[in-house]
Amino acid sequence: MNRLLTYIHGVIYIAMTGILCIAYLPALMLPSDRLLRFLAKYYFGLHDRLEPLFGLNGSIEGWENLPDQPCLIALQHQSGWETMRLPVWFRRPAIIMKAELFRIPLWGWYASGTDMIPIDRSKGSEAVPAMLAHAADRIAAGRDIVIFPQGTRTPPGVKRDYKYGIAKLYEHLNVPVVPIALNSGVYTTKMGLFKKRGTITVRMMPPIEPGLSGSALMTQLQSMIEDESDRMLEQDGIKPMPQAPTTGKRRQKSA
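When the count follows our numbering, it moves up by one through the sequence shown with no breaks and lands on 265 for the last residue.
Written out as structure tokens, the structure is:
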């Protein structure tokens, strides 16, 4: 039954995305902030209302930990589920995402139209200055910056070293970092489709204020997120896995 529901959810997801991406093309003429608010309500919000039909629900904890000022959001990335909620949760978030996503027809146009931040991971550290400049511009405009500190989608329970890009942003922007743990990968596939019924928990932790060194920030951030994630997984009956092998210090410190 679960596989059938995954298939049905996938068909609806693909059909809805294709139809709405075409239907909403005139909205690309809107300024980026208005376009993002439009999509949050009439695209991402529709997916949010669809999932309870499949027995999926979301619970967000720790809203009191979100600063009033623009900040950095350091979010675990376990599936596509959380990426579909970011524009609904945060202040016109500017999400740091792979540059190749901007080249996807239709989808990439909306990413560009909402002023998301591309990062060309093939350039390693050479891509960092452009990322920092874009992020500073978005913070000045009152937007939150969202980054996935592990650098890629990571299954629940798997341990990976965090990429150094978050430390560069923290030092450059001088704003708080809000660590967020979640368990979306337990209940949804890597694409964010139904896997099994349940409630996905998103837990915001107290912000890490500016002033730490980059290395101290990395240590504290990874400890906060991974420890909280382990507690959540234990409640779901999942045992955390050992640390995944690193790919070398040079790659580890890329954005």
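Here a beta-carbon is modelled for each residue, glycine too, at the ideal position from N, C-alpha and C. Source: prediction; values computed, not measured.
Neighbourhood of residue 263 by C-beta distance below 8 Å, restricted to the same chain and skipping five residues each side | Low per-residue confidence applies at residue 263: pLDDT is 43, beneath 50, and the placement is therefore not dependable enough to give any value.
Answer with buried or exposed for residue 28, where buried requires no fewer than 16 other C-beta atoms within 10 angstroms of its C-beta.
-> Its Cβ having fewer than 16 others within 10 Å, residue 28 is exposed.
Buried or exposed by the 16-neighbour rule on C-beta atoms within 10 Å, applied to residue 102 | It counts as buried.
Mind checking which residues open and close the alpha helix (DSSP H) that includes residue 9?
-> Any answer about residue 9 is impossible in this case: the structure gives the chain only from 11 up to 265.
Distance, Cα to Cα, residue 122 vs residue 112?
-> In this structure, the CA atom of residue 122 is about 7 Å from the CA atom of residue 112.
DSSP-derived helix/strand/coil call for residue 213 = Correct three-state label for residue 213: strand.
Inspect the CB distances between the region 175-185 and the region 210-225 and report whether three or more fall short of 8 Å.
-> Result yes; three or more Cβ-Cβ pairs closer than 8 Å.
Alpha-carbon spacing of residue 139 relative to residue 190, whole angstroms | Each residue's Cα considered, the two are about 25 Å apart.
Mind checking whether residue 127 and residue 100 have CB atoms under 9 Å apart?
-> The criterion of a C-beta distance shorter than 9 Å is not satisfied by residue 127 and residue 100.
Endpoints, beta strand (DSSP E) assigned at residue 67 | Per DSSP, the continuous beta strand (DSSP E) segment holding residue 67 begins and ends at 66-71.
Residues that DSSP places opposite residue 202 in a beta bridge = In the DSSP secondary-structure assignment, residue 202 is not bridged to any residue.
Alpha helix (DSSP H) runs contained entirely in the region 132-188, provided each spans 4 or more residues = Listed in chain order, the complete alpha helix (DSSP H) runs (minimum 4 residues) inside the region 132-188 are 138-150, 175-183.
Which listed residue (233, 195, 232) has its alpha carbon closest to that of residue 93 | Taking only the C-alpha atoms, the option nearest residue 93 is 195.
What runs of the beta strand (DSSP E), each 3 residues or longer, lie entirely inside the region 54-131?
-> With a minimum length of 3 residues, the unbroken runs of beta strand (DSSP E) contained wholly in the region 54-131 fall at 66-71, 82-85, 104-108, 127-129.
In this structure, what does DSSP give as the bridge partners for residue 218?
-> Its beta-bridge partners are 187.
Burial state of residue 12 (16 or more Cβ within 10 Å) | So residue 12 ends up on the exposed side.
Are the region 59-66 and the region 193-209 touching by the rule of at least three beta carbon pairs closer than 8 Å?
-> Yes, they touch.
Terminal residues of the alpha helix (DSSP H) in which residue 241 lies = DSSP places residue 241 in the uninterrupted alpha helix (DSSP H) bounded by 224-245.
Count the other C-beta atoms from every protein chain shown that fall within 10 angstroms of the C-beta of residue 56, then say buried if there are 16 or more, exposed otherwise.
-> Result: exposed.
Based on Cα-Cα distance, which residue from 237, 90, 137 lies nearest to residue 20?
-> If you compare the alpha carbons of 237, 90, 137 with that of residue 20, the shortest gap goes to 90.
Look at the Cβ atom of residue 163, then the Cβ atom of residue 200, and state whether they are nearer than 9 Å.
-> For residue 163 and residue 200, yes; Cβs fall inside 9 Å.
Give a yes or no on whether the C-beta atoms belonging to residue 166 and residue 245 are separated by under 9 Å.
-> Taking the C-beta atoms as reference points, residue 245 is found no nearer than 9 Å to residue 166.
Spatial neighbours of residue 145 within its chain, please: CB distance less than 8 Å, with the 5 preceding and 5 following residues excluded, ordered by chain position.
-> Excluding the 5 residues flanking it on each side, residue 145 has same chain C-beta neighbours closer than 8 Å at 104, 106, 127, 155, 179, 182, 183, in chain order.
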